[in-house]
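Residue numbers (this note's numbering): 374 to 511.
For every residue, glycine included, the Cβ atom is placed at its ideal position computed from N, Cα and C.
Notes follow once the structure below has been shown.
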Ligand SMILES: [Zn+2]
Ligand SMILES: [Zn+2]
């Protein structure tokens, strides 16, 4: 928690209990959390004070400062993960579980080749894999 308070301080944001709780849940989750997940987690501590608009405001503030990253996949659900590092995801088409995927060295070589071949100035890329997670493919 102290670490999160420090992070908010650096970004000149007030460390409100709600803000800290949002960051804490997102940080400690092994998968990106969607709005519904977060609301049900937060409602336990904030007794239904967590309105949709409060949450959206927080998400906006936190993602503008790159403290969290908003992810929108083909299912249209907004999910949030901690920080703003570059990574990829595996998305289960059946249960919507999202798994982080860290690709070593990522796609640097391929990207360089694409740049050479197309003269396109690439600023970023996204890569998602859709299919069935281990429990859904049993
Ligand atoms: Zn699944
Ligand atoms: Zn990549």
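For ligand 2, any of its heavy atoms closer than 6 angstroms to the Cβ of residue 410? Walking along the chain shown from the start, residue 410 turns up at place 37. Every heavy atom of ligand 2 is 6 angstroms or more from the Cβ of residue 410, so no.
Compute the minimum distance between the beta carbon of residue 479 and the heavy atoms of ligand 2, and state whether it is under 6 angstroms. If you number the chain shown from 1, residue 479 lands on position 106. For ligand 2, at least one heavy atom lies less than 6 angstroms from the Cβ of residue 479.
Can you tell me where the beta strand (DSSP E) holding residue 446 begins and where it ends? Here residue 446 corresponds to residue number 73 of the chain shown, with the count starting at 1. Segment: none, residue 446 is in no beta strand (DSSP E) and carries neither H nor E.
Which residues, in chain order, sit with a beta-carbon under 7 angstroms away from any heavy atom of ligand 1? 465, 467, 468, 470, 505, 506, 508 and 509
Residue nearest to residue 404 in terms of C-alpha spacing, selected from 469, 429 and 436: As a working mapping, residue 404 is identified with position 31 in the chain shown. Among 469, 429 and 436, the Cα nearest to that of residue 404 belongs to 469.
Would you be able to state if there are at least three C-beta pairs under 8 angstroms between the stretch 464–479 and the stretch 502–509? yes
Since residue 418 and residue 394 are thought to touch, with beta carbons under 8 angstroms apart, how far apart are those beta carbons, to the nearest angstrom? Position 45 of the chain shown, counted from the first residue, corresponds to residue 418. Position 21 of the chain shown, counted from the first residue, corresponds to residue 394. The Cβ separation is near 6 angstroms, so the contact holds.
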